[in-house]
Every structure is written in C-alpha cells, then in structure tokens.
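In terms of my numbering, the sequence shown opens at residue -7 and continues consecutively. Encoded as structure tokens, the structure appears first; notes follow it.
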Amino acid sequence: MLLYLRPPTCTLLSVCTRVFRGAIGVLVGVLVASALFSLPSRAQSGDSFSGVVARVVDGDTYEVRSSTGNTVTVRLFGMDAPESDQPYGDKATKAARRYLSDERVRVLVREEGAYGRTIARLHIQGRSLAELLVRDGLAWHSDRYAPDETELRRLERQARNADRGLWAESDPIPPWDWRDGERHSSSSTTAPGELPYAPNGPDRDCGDFRSQEQAQRFYEAAGPGDPHRLDGDGDGRACETL
-7 MLLYLRPPTC TLLSVCTRVF RGAIGVLVGV LVASALFSLP SRAQSGDSFS
43 GVVARVVDGD TYEVRSSTGN TVTVRLFGMD APESDQPYGD KATKAARRYL
93 SDERVRVLVR EEGAYGRTIA RLHIQGRSLA ELLVRDGLAW HSDRYAPDET
143 ELRRLERQAR NADRGLWAES DPIPPWDWRD GERHSSSSTT APGELPYAPN
193 GPDRDCGDFR SQEQAQRFYE AAGPGDPHRL DGDGDGRACE TL
C-alpha cells in the first residue's frame, strides 16, 4: 500500500521543511519496525546470528539466545559428543561450559534438524566449538553426516593417536552405538507401562523410544512445557511418527 504524505501548509519555509522531514522519519521508523517484527523467530538455512548460550544441554546441544531475544536450540554440526549418562559425557558438557563462559557466540546455520533443533556451527571468537571438543578428545567426528569436514577428521585422528580424553579408554563406545544399545536394553527389560528413562534426566529425542505409546508416557511424566520437545506440533501427542 502506497502512503501519500501531503506537505503541511506553512508560512515559514524552514519550519515547514522540518515538520515534513519529521513526518517522513516517523513513517520510515514504523516501516522498519514492522519489517523487523515480521521476521521468523526460527533460524533458517544459511542464516547466521550472534548471541549468548543460555543453557548447555550436553556436549553437542545448546540453547542460544540471540540479540533479538529469540532462543534457538542448536545441535552442533559435524560432531557427536558422548551422551550425558555415558563415560566422558559429563566432561564434554563441563568443557563446553568452560569454553562458553561469558562469551558471545556466532551461530552459522547449516539446516533445520528434527525435534525443533537447528543444526549449526558455533564459533567463539572465531574458533569452532566442535573443533575444540574433538581436539580435546571429548567428541567424535560424525563422518556419516559430515564426510567433508576434513578438519574434524584430522583433529579426531590427532586426539586418538595422543590417547587424549575418551581415547585413553581401550575401546570407547561412540554415542550412536550407546543410544542404540540403550534402546535395545530398554525394549528387553522395560515392563509395559514402565518408563525407560527418568523424565527429569538427560534430554531425550523420539529416536530413544521404541513406540509412540512409550514416548507418550514419558512425555506426560515429564510435565508441562514439553521439556524434551517431543511434541513438534503441540497437539498433545508425542513422537507421532513412531
């Protein structure tokens, strides 16, 4: 819609000019504010933004509050840290907190992932957090999903050769195998109606459950607010694709 501003009738040219310019300034401010408030609250593929980490969920998942006030759940691209209940999981989380302490971060969005998470690179003063954790032997390079991340592959090989971090163990279990073992264990030992995990424990995804019914029980036991983000469309049913 085009807006036409009629110049006010003024007897003094200088006063008239100032009034008209002031009206134009107000109009521009309104249009800019409208454009800003119409921006999507979720990050889009190819976006980048700055912010602070409001919460470290675990070694590879973070809640980042952007400078506009939006909170985005970020899953680091190209790496996989040990689960919270896995050996070295707590060390990876604590190391991430140390690196992130009082630092502003830059988020480089790769893609929108499942469960409302944004897959992204996260940089601290120009340094990749994923590379720092892999270098310290506190995470794996995710070769399956990021085969072109040659620097992560190189850093993992260095950490492995130096027996650094989790590589000091004789046979560390990758987190994807750990998660798969947990699912098999829960399917063979969990009685009907019993919860396989503590609702107030580490963050869980739909892939951690063997059926929609099991996920639904966990979702309801976790309480209001869907803290594990299992109900993507907010209809009260968790993990409907299971």
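No residue lacks a Cβ here, since even glycine has one placed at the ideal position from N, Cα and C.
Expected contact under 8 Å - CB spacing of residue i and residue j to nearest Å
{"i": "methionine 71", "j": "aspartate 52", "result": "6 Å"}
{"i": "alanine 112", "j": "valine 66", "result": "5 Å"}
{"i": "aspartate 128", "j": "alanine 151", "result": "7 Å"}
{"i": "valine 97", "j": "aspartate 39", "result": "Wrong, their Cβ atoms sit about 14 Å apart, outside the cutoff."}
{"i": "aspartate 155", "j": "arginine 145", "result": "Between arginine 145 and aspartate 155 the Cβ distance is about 18 Å, and since that is not below 8 Å, they are no contact."}
{"i": "glycine 43", "j": "valine 99", "result": "7 Å"}
{"i": "serine 37", "j": "glutamate 143", "result": "Not really, about 22 Å apart at Cβ, beyond 8 Å."}
{"i": "tyrosine 54", "j": "leucine 114", "result": "7 Å"}
Residue i Cβ short of 8 Å to the ligand SAM heavy atom set
{"i": "leucine 144", "result": "Ligands displayed in this structure: none; no statement on the ligand SAM is therefore possible."}
Buried/exposed call for residue i, threshold 16 Cβ in 10 Å
{"i": "asparagine 192", "result": "exposed"}
{"i": "glutamine 117", "result": "exposed"}
{"i": "glutamate 141", "result": "buried"}
{"i": "alanine 25", "result": "Residue placement at alanine 25 is poorly supported in this model, since its pLDDT is 45, which falls under 50; the coordinates are not used for a value here."}
{"i": "tyrosine 137", "result": "exposed"}
{"i": "glycine 81", "result": "buried"}
{"i": "threonine 63", "result": "exposed"}
{"i": "arginine 149", "result": "exposed"}
{"i": "isoleucine 208", "result": "Checking the sequence, you will find glutamine at residue 208 rather than isoleucine. That one is buried."}
{"i": "alanine 230", "result": "buried"}
{"i": "glycine 228", "result": "exposed"}
{"i": "proline 164", "result": "buried"}
{"i": "arginine 47", "result": "exposed"}
{"i": "threonine 181", "result": "Reliability of the predicted coordinates at threonine 181 is poor, the pLDDT of 46 falling under 50, and the value obtained from them is presented with this limitation in mind. Flag for threonine 181 reads exposed."}
{"i": "leucine 19", "result": "The predicted model places leucine 19 with a pLDDT of 48, which falls under 50 and marks its position as unreliable, so this point remains unresolved."}
Contact check, residue i vs residue j, beta carbons under 9 Å
{"i": "leucine 222", "j": "aspartate 197", "result": "yes"}
{"i": "glutamine 206", "j": "glutamate 232", "result": "no"}
{"i": "alanine 213", "j": "leucine 187", "result": "yes"}
{"i": "alanine 87", "j": "leucine 125", "result": "yes"}
{"i": "proline 74", "j": "proline 216", "result": "no"}
{"i": "aspartate 195", "j": "aspartate 50", "result": "yes"}
{"i": "tyrosine 189", "j": "aspartate 172", "result": "no"}
{"i": "serine 58", "j": "phenylalanine 41", "result": "yes"}
{"i": "tyrosine 107", "j": "glycine 224", "result": "yes"}
{"i": "alanine 160", "j": "leucine 130", "result": "no"}
Practice problem: Output the residue ranges of the alpha helix (DSSP H) runs that lie fully inside the region 76 to 117 and measure 4 residues or longer, sorted by chain position. | Solution: Assignment of alpha helix (DSSP H) within the region 76 to 117, counting only whole runs of 4 or more residues, yields 81 to 92 in chain order.
Exercise. Assess, as a yes-or-no matter, whether the region 108 to 128 is touched by the region 85 to 94 under the definition of 3 or more beta carbon pairs within less than 8 Å.
Key: With three or more CB-CB distances shorter than 8 Å, the region 85 to 94 counts as touching the region 108 to 128.
Exercise. Write down every uninterrupted run of the beta strand (DSSP E) in the region 145 to 223 whose length is 3 residues or greater and which is fully enclosed by it, in chain order.
Key: With a minimum length of 3 residues, no continuous beta strand (DSSP E) run stays inside the region 145 to 223.
Quiz prompt | beta strand (DSSP E) segments (min. 3 residues) lying fully within the region 44 to 79 | solution = Segments of the beta strand (DSSP E) lying fully in the region 44 to 79: 53 to 58 and 63 to 68.
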